[in-house]
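Heads up: the structure comes next, in structure tokens.
In the numbering used here, the protein residues as written are 856 to 1043.
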């Protein structure tokens, strides 16, 4: 007969961990697909839907799980879309994109107001995350192609940030109508 170790975690904690990992993987996959394959033409290239989904993931997943989903999803999109040289910078930038929403969720949870995706505090997080997108890719582009090319691409990064905000707000309002965040937290 095998005895349970005193250090062994209860089954309930293990099930919760598995659910969090599964939800993180699901959001990483959604971010990958919406980044790599849902592209909208712009005057300067294209914008993708992935950052809007990334903001949703960072708003609904607890703690580091939103950051992990964002980083993995963005990097995998680059790998699968033929931009492997961007995978590492994207992983870093997308992780940093998620941080404002994760911190906001922590603060809102502290005051018992973390039941919606679209709230004034989360809307305000669009400012720092947009700055991360614009300046993160400015620096990464400069390191790869030089400052002139990087500066020329900056307007496209601004468009990407605006498109991501619009997608986040639209998806967030829709999901809030279904009480998605509350339902997901009850499952996890």
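Yeah, the Cβ is synthetic: ideal placement off N, Cα and C, and Gly gets one too.
Where residue i falls, given that 16 or more other Cβ within 10 Å makes a residue buried
i, result
"residue 826", "There is simply no residue 826 to check, as the chain begins at 856 and stops at 1043 in what is shown."
"residue 878", "buried"
"residue 847", "Residue 847 lies beyond the stretch modelled for the chain, which goes from 856 to 1043, so this question has no answer here."
"residue 932", "buried"
"residue 1072", "With the chain running from 856 to 1043 in the structure shown, residue 1072 is simply not present."
"residue 1016", "buried"
"residue 956", "buried"
"residue 898", "exposed"
"residue 1041", "exposed"
"residue 949", "buried"
"residue 915", "buried"
"residue 1029", "exposed"
"residue 929", "buried"
"residue 1036", "buried"
"residue 1023", "buried"
Best match in the options for proximity to residue i [C-alpha to C-alpha]
i, options, result
"residue 945", "964, 961, 924 and 959", "924"
"residue 1026", "876, 996, 917 and 906", "906"
"residue 1012", "927, 995 and 1024", "995"
"residue 989", "1018, 936, 1023 and 876", "1018"
"residue 936", "893, 876 and 965", "893"
"residue 1021", "973, 919, 961 and 874", "973"
"residue 958", "1043, 872, 922 and 884", "922"
Integer Cβ distance of residue i from residue j, believed to fall under 8 Å
i, j, result
"residue 904", "residue 889", "4 Å"
"residue 939", "residue 909", "That belief does not hold up - the Cβ atoms of residue 939 and residue 909 are roughly 20 Å apart, past 8 Å."
"residue 993", "residue 976", "Not really, about 27 Å apart at Cβ, beyond 8 Å."
"residue 943", "residue 912", "Contact flag wrong, Cβ pair sits at about 20 Å."
Cross-strand partners of residue i (DSSP beta bridge)
i, result
"residue 998", "Residue 998 is not bridged to any residue."
"residue 896", "901"
With three or more beta-carbon pairs closer than 8 Å as the criterion, would you say the region 867-874 touches the region 975-986? no
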